[in-house]
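Asks: When the letters of the sequence shown are read in order and numbered with the UniProt record's numbering, they come out as residues 1 to 101.
For glycine and all other residues, C-beta sits at the position ideal for the given N, C-alpha and C.
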Amino acid sequence: MDNSRDFHFEFEESVKTGNPEIVSFFLGRVKFIDSSGIGIIIKVRNQIREKNGTVNIFGLNKSLNSVFRLSGLDKIVNLYTSEEFLNKYPIFQEFVDKNSK
């Protein structure tokens, strides 16, 4: 199975058991994303939006930041630098510290 399919399955399972209002993706270790990965982010955004929720993406490297902006994702999800995100949601500091290495 590919990563995007695995991710979408796990996301679907977590939405069934909870009702997330905010979904945040830390992509600090992601170096490349293809169209299927972008498609999954759009599907997640649409599902969360149906529940009046928001999707945050943070920690993008320069290249991915450009891809997200050129593809228009910055208009449908919130893009943050890690610093901006952690200023808004400091509870995630430990998670980011642990997963940035």
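So is residue 91 buried or exposed if we call it buried at 16+ other beta carbons inside 10 Å?
Replies: Under this definition residue 91 is an exposed residue.
Asks: Locate the beta strand (DSSP E) running through residue 24, then write down its first and last residues.
Replies: Taken as a continuous stretch (DSSP letters only), the beta strand (DSSP E) holding residue 24 covers 22-26.
Asks: Check the DSSP bridge columns for residue 64 and list the partner residues they point to.
Replies: Note: residue 64 sits in no beta bridge, so no partner.
Asks: In whole angstroms, what is the alpha-carbon distance linking residue 98 and residue 52?
Replies: Answer to the nearest angstrom: the Cα atoms are 30 Å apart.
Asks: Assuming residue 41 contacts residue 73 under a Cβ cut-off of 8 Å, what Cβ separation, rounded to an integer in Å, is found between them?
Replies: Indeed, because the Cβ distance is near 7 Å, the residues count as touching under 8 Å.
Asks: Span of the beta strand (DSSP E) holding residue 56?
Replies: Residue 56 -> beta strand (DSSP E) spans 54-58.
Asks: Please report how far the alpha carbon of residue 69 lies from the alpha carbon of residue 17, in whole angstroms.
Replies: Each residue's alpha carbon lies about 32 Å from the other.
Asks: Helix, strand or coil: which one does DSSP assign to residue 46?
Replies: Three-state result, residue 46: helix.
Asks: I'd like the span of the alpha helix (DSSP H) that includes residue 87, first residue to last.
Replies: Its alpha helix (DSSP H) spans residues 82-88.
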